[in-house]
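Listed in order, the protein sequences are those of chains A, B, C and D.
Taking the working numbering, the leading residue of the first sequence gets 5, the next gets one more, and so forth.
Taking the working numbering, the leading residue of the second sequence gets 5, the next gets one more, and so forth.
Taking the working numbering, the leading residue of the third sequence gets 5, the next gets one more, and so forth.
Taking the working numbering, the leading residue of the fourth sequence gets 5, the next gets one more, and so forth.
Virtual Cβ for every residue (Gly too), placed ideally from N, Cα, C.
Computed from a predicted structure; not experimentally measured.
Only one structure is covered here, and it is reproduced in the block below.
4 protein chains.
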Amino acid sequence: MDIGFIGLGSMGAAMAMNALKAGHAVRVWNRSPGPARALAEAGATVVATAAEAFAGDAVFSMLADDAALRAVLIDSGLLKQAPRGTIHVNMATISVALGQELAALHAAQGLAYVAAPVLGRPDVAAAGKLNIVAAGPDEAIARVQPVFDVIGQKTWRVGTEAYKANVFKLGANFMLAAAIETTGEAAALMSGHDIDPHAFLDVISNTLFPGPVYQGYGRMIADQRYEPALFKARLGLKDVRLALAAAEAVDTPLPVASVVRDSLIDALAHGDGDKDFAVLGKVAARRAGRAT
Amino acid sequence: MDIGFIGLGSMGAAMAMNALKAGHAVRVWNRSPGPARALAEAGATVVATAAEAFAGDAVFSMLADDAALRAVLIDSGLLKQAPRGTIHVNMATISVALGQELAALHAAQGLAYVAAPVLGRPDVAAAGKLNIVAAGPDEAIARVQPVFDVIGQKTWRVGTEAYKANVFKLGANFMLAAAIETTGEAAALMSGHDIDPHAFLDVISNTLFPGPVYQGYGRMIADQRYEPALFKARLGLKDVRLALAAAEAVDTPLPVASVVRDSLIDALAHGDGDKDFAVLGKVAARRAGRAT
Amino acid sequence: MDIGFIGLGSMGAAMAMNALKAGHAVRVWNRSPGPARALAEAGATVVATAAEAFAGDAVFSMLADDAALRAVLIDSGLLKQAPRGTIHVNMATISVALGQELAALHAAQGLAYVAAPVLGRPDVAAAGKLNIVAAGPDEAIARVQPVFDVIGQKTWRVGTEAYKANVFKLGANFMLAAAIETTGEAAALMSGHDIDPHAFLDVISNTLFPGPVYQGYGRMIADQRYEPALFKARLGLKDVRLALAAAEAVDTPLPVASVVRDSLIDALAHGDGDKDFAVLGKVAARRAGRAT
Amino acid sequence: MDIGFIGLGSMGAAMAMNALKAGHAVRVWNRSPGPARALAEAGATVVATAAEAFAGDAVFSMLADDAALRAVLIDSGLLKQAPRGTIHVNMATISVALGQELAALHAAQGLAYVAAPVLGRPDVAAAGKLNIVAAGPDEAIARVQPVFDVIGQKTWRVGTEAYKANVFKLGANFMLAAAIETTGEAAALMSGHDIDPHAFLDVISNTLFPGPVYQGYGRMIADQRYEPALFKARLGLKDVRLALAAAEAVDTPLPVASVVRDSLIDALAHGDGDKDFAVLGKVAARRAGRAT
Numbered sequence: 005m006d007i008g009f010i011g012l013g014s015m016g017a018a019m020a021m022n023a024l025k026a027g028h029a030v031r032v033w034n035r036s037p038g039p040a041r042a043l044a045e046a047g048a049t050v051v052a053t054a055a056e057a058f059a060g061d062a063v064f065s066m067l068a069d070d071a072a073l074r075a076v077l078i079d080s081g082l083l084k085q086a087p088r089g090t091i092h093v094n095m096a097t098i099s100v101a102l103g104q105e106l107a108a109l110h111a112a113q114g115l116a117y118v119a120a121p122v123l124g125r126p127d128v129a130a131a132g133k134l135n136i137v138a139a140g141p142d143e144a145i146a147r148v149q150p151v152f153d154v155i156g157q158k159t160w161r162v163g164t165e166a167y168k169a170n171v172f173k174l175g176a177n178f179m180l181a182a183a184i185e186t187t188g189e190a191a192a193l194m195s196g197h198d199i200d201p202h203a204f205l206d207v208i209s210n211t212l213f214p215g216p217v218y219q220g221y222g223r224m225i226a227d228q229r230y231e232p233a234l235f236k237a238r239l240g241l242k243d244v245r246l247a248l249a250a251a252e253a254v255d256t257p258l259p260v261a262s263v264v265r266d267s268l269i270d271a272l273a274h275g276d277g278d279k280d281f282a283v284l285g286k287v288a289a290r291r292a293g294r295a296t
Numbered sequence: 005m006d007i008g009f010i011g012l013g014s015m016g017a018a019m020a021m022n023a024l025k026a027g028h029a030v031r032v033w034n035r036s037p038g039p040a041r042a043l044a045e046a047g048a049t050v051v052a053t054a055a056e057a058f059a060g061d062a063v064f065s066m067l068a069d070d071a072a073l074r075a076v077l078i079d080s081g082l083l084k085q086a087p088r089g090t091i092h093v094n095m096a097t098i099s100v101a102l103g104q105e106l107a108a109l110h111a112a113q114g115l116a117y118v119a120a121p122v123l124g125r126p127d128v129a130a131a132g133k134l135n136i137v138a139a140g141p142d143e144a145i146a147r148v149q150p151v152f153d154v155i156g157q158k159t160w161r162v163g164t165e166a167y168k169a170n171v172f173k174l175g176a177n178f179m180l181a182a183a184i185e186t187t188g189e190a191a192a193l194m195s196g197h198d199i200d201p202h203a204f205l206d207v208i209s210n211t212l213f214p215g216p217v218y219q220g221y222g223r224m225i226a227d228q229r230y231e232p233a234l235f236k237a238r239l240g241l242k243d244v245r246l247a248l249a250a251a252e253a254v255d256t257p258l259p260v261a262s263v264v265r266d267s268l269i270d271a272l273a274h275g276d277g278d279k280d281f282a283v284l285g286k287v288a289a290r291r292a293g294r295a296t
Numbered sequence: 005m006d007i008g009f010i011g012l013g014s015m016g017a018a019m020a021m022n023a024l025k026a027g028h029a030v031r032v033w034n035r036s037p038g039p040a041r042a043l044a045e046a047g048a049t050v051v052a053t054a055a056e057a058f059a060g061d062a063v064f065s066m067l068a069d070d071a072a073l074r075a076v077l078i079d080s081g082l083l084k085q086a087p088r089g090t091i092h093v094n095m096a097t098i099s100v101a102l103g104q105e106l107a108a109l110h111a112a113q114g115l116a117y118v119a120a121p122v123l124g125r126p127d128v129a130a131a132g133k134l135n136i137v138a139a140g141p142d143e144a145i146a147r148v149q150p151v152f153d154v155i156g157q158k159t160w161r162v163g164t165e166a167y168k169a170n171v172f173k174l175g176a177n178f179m180l181a182a183a184i185e186t187t188g189e190a191a192a193l194m195s196g197h198d199i200d201p202h203a204f205l206d207v208i209s210n211t212l213f214p215g216p217v218y219q220g221y222g223r224m225i226a227d228q229r230y231e232p233a234l235f236k237a238r239l240g241l242k243d244v245r246l247a248l249a250a251a252e253a254v255d256t257p258l259p260v261a262s263v264v265r266d267s268l269i270d271a272l273a274h275g276d277g278d279k280d281f282a283v284l285g286k287v288a289a290r291r292a293g294r295a296t
Numbered sequence: 005m006d007i008g009f010i011g012l013g014s015m016g017a018a019m020a021m022n023a024l025k026a027g028h029a030v031r032v033w034n035r036s037p038g039p040a041r042a043l044a045e046a047g048a049t050v051v052a053t054a055a056e057a058f059a060g061d062a063v064f065s066m067l068a069d070d071a072a073l074r075a076v077l078i079d080s081g082l083l084k085q086a087p088r089g090t091i092h093v094n095m096a097t098i099s100v101a102l103g104q105e106l107a108a109l110h111a112a113q114g115l116a117y118v119a120a121p122v123l124g125r126p127d128v129a130a131a132g133k134l135n136i137v138a139a140g141p142d143e144a145i146a147r148v149q150p151v152f153d154v155i156g157q158k159t160w161r162v163g164t165e166a167y168k169a170n171v172f173k174l175g176a177n178f179m180l181a182a183a184i185e186t187t188g189e190a191a192a193l194m195s196g197h198d199i200d201p202h203a204f205l206d207v208i209s210n211t212l213f214p215g216p217v218y219q220g221y222g223r224m225i226a227d228q229r230y231e232p233a234l235f236k237a238r239l240g241l242k243d244v245r246l247a248l249a250a251a252e253a254v255d256t257p258l259p260v261a262s263v264v265r266d267s268l269i270d271a272l273a274h275g276d277g278d279k280d281f282a283v284l285g286k287v288a289a290r291r292a293g294r295a296t
C-alpha cells in the first residue's frame, strides 16, 4: 500500500518501520526532523509537511496528545484540504471529546476516519506485537488491515463509531493505572510487615494475576527502580485525567481513578513525573513514611 | 498421615475430601453436624468435639473468621490441652492481629503452628488446585507437605513467622477486591458510552489482564449476574477490613482499599451482601444512575 | 460613577440594581434581553452590545462561566477594541487558567483589570451583603471601591495579581462543597442510627460550626428538601472541577475535592444536577440504601 | 451532691475541679495517682479504688478509650457490684458498640446509665464551657443536671437511648476531622499559588466559616505550628476510626472519613501522631511536595 505516517515518536517510528519492512511504500513526517532519518535509511520517503504525508491509500497519525493533533491536523487547516480517497487512521490516545470532534470533522469533509489506538509500549511496537483497538467504517478498516497486520499481533474491531475505540483505550489505561496503584499499595503493606515485596509479587503474578502488568510493574515497584521510564508517570496522569473526563461526560464516577489521579499528582509534586508509571509504588511507600 | 480437620465449610470439606481420597486417615469435626456426613461416607471418622480432631500428626483448621476460631480454639481452652506432637495448620483467612496472637499462644504451649491460607474458591478447592501460602517452622511445613500436595497445586513458602502468611493472604484479597472494583468502574464507563462491557472485557482479559480474576469477575459484571455467589460481598468486605487493619497496624494508608470498602458497604446497604463479590459492578453502575 | 454591567443573571442583576440605587449611572447588557427590563425601569441604560457597556469609568462583568466569558469578551474581539481608560472588574467564578490569560490579555491592551469574585448567593447579592474578594492594581481597586461598597458588605483585598482572587474563590467553594458533603455524610450516619439529623445539626451548628453554611445547607439536608436551588449542584460540580484543575496546575492533590466531585457526578447521574448543592445529602443517603 | 469521678486526665480533672468549686462533695480516682493531688488540695476525697468512687448520688467516668473503660468498669467486675442508687454518667468518647454493651450491662444490674460525651478541649473544660451531649433516662439526667451546669455551658439532651449520645459525639468529631483536612487541603492549594494561607483563612473564617474550628485549626495550619497538641492526631484517628465503625454498623459509607483516616495514618507514619490534629495540614502540604 501507499501510506503516510504523521508523528514519529518512539511508537510511531516503530510502527512505520514495521510497515516499511513489510514492503509498503511509506511517506513520513515529524514536527522535528530527527526521527525521520532512520526511516529514510530504511527506504521511507521523508516529506516536508504533514499535508504531503496525508495522501495515498491511507495515513496513520500517532501524535503525542490532543494539543499536538489539534495543531497539526485541525488548526493548520490540513483536514479541510485533505484528499477524499485517503483513509485517516488515528492511532493516538486522545480525549473522547476530541475523538468525537474528529469524527464530525472528517465526516464533514467526506474523509474516511478510523480510530485505532494501541495497547503496548515502544518495545512491543518495535516487535510488531501491539494490540490494535479499531473503530470506524468497516470497509475503511478492511482496507488498512494489511498494515495493522504488520504493526500488531491482533486487531480488535469495536464498532463503527470511531470515538468508541478512544473510550476503550482510556478504559484500558485506567485499569492499568489502577493495577499499578494497587500493586504499589500492596507492596507498601508487605514492606510494613517486613515482607519482601518480591516474594509477595511472585506469588500474586503466578496465581491470581498472571500477565505482563502485575509482573512487569510489580518488579519495578519491588526493585524500587523507576528508570528508565517505559511509560512516564506524567503521561499516565494525562490518560487518567482523560478517562475521568470521558466518564464525567456520561455522569459516571470513577472513585479509583480519582485516587490514582491524586497519587500521580503527588508523584509529579515530588519531581517524579518523568519516571515510570510504576513510581506510584514510591508514592505509596512515602505515604507510609518509607520513602522521601 | 493421621490427620484432623476442624471446620467443614465448602472450603474445608473439599480439602478434607481430597486428603481422604489420597489415602490419609482423616478425623473431621464441624460445629453443625451436617457437612461431616459426606465425608463419613467417604471414610472419614466423625468426632464429637474439636479437641478429638486436634490429634494425630496434624490438624488442619478452616474456620469462618476470627470469632469462630477464637471460640473453637481459644475460649474453649482447647489449645491449652492440645497434644504437643500435633502440628496445627490454620488455613483460614484471619486478621494479622489474631495470627500474631495464635503464634504466641502455640509457642507458649510448645505446639507447632503453621499458617497456610489458600488462594482459590470452593471449585478450585474441590479440584485440589489451590495455591497454598504457608509460613511457620520449616520442619513442620515439611511434615504436612504431603497433605498440601493433594489439597493444592503449589505451596508457596513465605518464611518462618506464621502471621506473615496472613499478611500475604490479606494483601492478595485486597488486590482481588481492587481488581473487581476497577473492572466494575471500567464497565460503567463503557456502558455510559453505549459500549457492551463484554466487548471491552474481552479485549482486556486477552491483552493486559489475562488470568482468572479479570475474566471470571469481568464476565459476571458484564452479565450483571451476581448469583450464585462464589465469594460473597460480605466476606469480601471482611477481608478488605482486615487488610486495612493490617496496614494501619504498620502505619500504611491503602487509599484504594478505602474506596473498595466504601463500595462494599454500599452493596450491603442495598441488600447485596450475600451476592458475589462481583456485585461491585452493580455499585459502580448505581453511582452512574444505571442500577437500583 | 459611570459604569457598565455585562451579564445580568440573578447575581449580576442584583449587583447592578444596588449600584443604580446608590446613584451610579449604569449601562447594562445581557446576552438575552429579558433581565435588562427591570433594571431599565429602575433607570439603567440598556445597550445593544457588550462593547457599548464596556465604557465609562469601569465595567463589571458577571458571566456564567469560562465559555461565556471567552465568547463575549475574547472571541468577539471586544477586549482588543476596549477603551484604555475603563477599568474591567471581572466578578465571575472562572478557572485560574482563564484568570491568568485574562490578566495577560488586558496587560497587552493596556487595560486595567481587577478580578473580584464574590462570596454569597443571589439573596445575599440582593441585600448588598456580598463579600468581595478583589485582586488587581491597587489604584484600580481604589477607583471602583465606591461600587464595591454598595454591592458588598466588605471587600477583601488579596494582592495585586488578579488571578489570585480566582484561586481564593475556588478554594472557598471547594471548602463549601466539602462542608456540604461532610454534613450529608454525618446526617446519613445519624439516620442510620435512627437519630433525627435535625437534632444533630442543631447541636453542631450551635457549637463547633456556627455560621450560614452548616446551618443553611444542614437544614436542607435534614429536611431532604433540595428545591428551589439557591446554588445548583451542576454549578457546584463546575467549581469543584475548577478547584481541582487549579490545584493540579501546582501539583497539589485535593483528595476531599476528588470525593466531592465523585458525589456530585452521582447527583447528576440521578437527574439532580439542577437541585441545590445540598443534594449531596441525598447522595450520601443513597449510598446507605436510604434514598433512590 | 455527693459524687465520684473516675478518670482524671486533663478533661476529667478539669470537670471534677469545677464540680468541687461549685460545692459538690467529690470523690476522685485515677489509675495513676498523680492527677488526684491538685484535686485533693482543693477538697476532693481521693479514694484507692474505682469501686469506692462509684458511690453516692452519681459517678462520672472520663476514661481514655474503650480499652480503659472495659478494664476499669467491666473486666474488674466493678459494674456487677455497683450500688443500685448511683447514677453512672459516662462522659468519654467511646465506640457505639461499647456504648450499646454498657447500656445493656447497666440495665441488667438495675443501674441508671447516662452517656454524656462533651464537645470542647481541655481549655474549654477548665473554663466550664463544655457542650454536653446527654442521652439516657430523663430522670437520671435531671438528677445530674446541677453537675452538668457547672461543667458545661449547655446540655443538649438527645434522647433516652444512651448510645445515641455516642453516635452524636463521633459524628461531631468526624465533622471536625473533615473540616481540618479540608482546611489543610485548601491551604496547600493557596501555598501552591504563592498565596499566604493566613490571608485565605482570614477571609474564610470571617465569612463562610466563622467559629472556633476553622479559625483555631486554620491558624495552626497557616502557622505550620502543630505543637503543643490540644487534640492529638493519634486520638483524632481513633475517633475517625470509631465513626467509620459506627457507620459501617448501619451500612453507611463515609467517603470523606475514609480520606481523613488515610491522611491521619500518613501523619502517624511520619512520626506526627502526638502532634495536634491540625497536622493534617502538614500531610496535605507533603502530598504537594512542600513538607517532609
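Asked                                                                                                                                                                : Found
Please list, in chain order, all residues of the same chain as D/Leu82 whose beta carbon is under 8 Å from its beta carbon, the five residues on each side excluded. : Ala54, Ala55, Phe58 and Val76
So with CB distances below 9 Å, who are the chain C contacts of A/Arg265?                                                                                            : Leu248, Glu252, Pro257 and Ser262
Please list, in chain order, the chain A residues whose beta carbon lies closer than 9 Å to that of C/Asp276.                                                        : Within chain A, no residue comes near C/Asp276; the closest Cβ sits about 11 Å away, beyond 9 Å.
On a Cα-Cα basis, can you pick out the residue from C/Leu193, C/His202, C/Asn177 and C/Val244 that is closest to D/Phe213?                                           : C/Asn177
With H, G and I counted as helix, E and B as strand and the rest as coil, what does DSSP make of A/Ile199?                                                           : coil
Tell me, please, whether the CB atom of C/Asp61 is closer than 8 Å to any CB atom in chain B?                                                                        : no
Taking Cβ positions only, does D/Gly293 come closer than 8 Å to chain A?                                                                                             : yes
Is the beta carbon of D/Ala249 less than 8 Å from the beta carbon of D/Phe281?                                                                                       : no
Please report the straight-line C-alpha distance between A/Asp227 and A/Asp200, rounded to a whole angstrom.                                                         : 10 Å
Give a yes or no on whether 8 Å exceeds the smallest Cβ distance from A/Ile269 to chain C.                                                                           : yes
Please state whether DSSP places C/Phe172 in a helix, a strand or coil.                                                                                              : helix
Please check if any C-beta of chain C sits within less than 8 Å of the C-beta of D/Met194.                                                                           : yes
Which partner residues does B/Tyr221 have in the DSSP bridge list?                                                                                                   : Answer is none; B/Tyr221 lacks a bridge partner.
Which residue marks the beginning of the alpha helix (DSSP H) containing A/Asp243, and which one marks its end?                                                      : Ala237 to Glu252
Which partner residues of C/Ser65 appear in the DSSP bridge assignment?                                                                                              : C/Ile10 and C/Asn94
Under a three-way DSSP split, which group does A/Lys158 fall into?                                                                                                   : strand
Put D/Asp206 into one of helix, strand or coil per three-state DSSP.                                                                                                 : helix
Which word fits A/Arg88, buried or exposed, when buried means at least 16 other C-beta atoms lie within 10 angstroms of its C-beta?                                  : exposed
Straight-line CA distance for C/Ala48 to C/Gln85?                                                                                                                    : 24 Å
What residue ranges within the segment 98-144 of chain C form continuous alpha helix (DSSP H) runs of no fewer than 4 residues, ordered along the chain?             : 100-113 and 126-130
Under 8 Å, do C/Lys279 and C/Tyr230 count as touching if we go by C-beta distance?                                                                                   : yes
Spell out whether any CB of chain D is found under 8 Å from the CB atom of B/Leu102.                                                                                 : no
From C/Leu12 to C/Pro39, what distance separates their C-alpha atoms?                                                                                                : 6 Å
D/Ala237 versus chain A: which residues are under 9 Å apart at the beta carbon?                                                                                      : Ordered by position in chain A, no residue passes the 9 Å Cβ test against D/Ala237, which lies about 13 Å from the chain.
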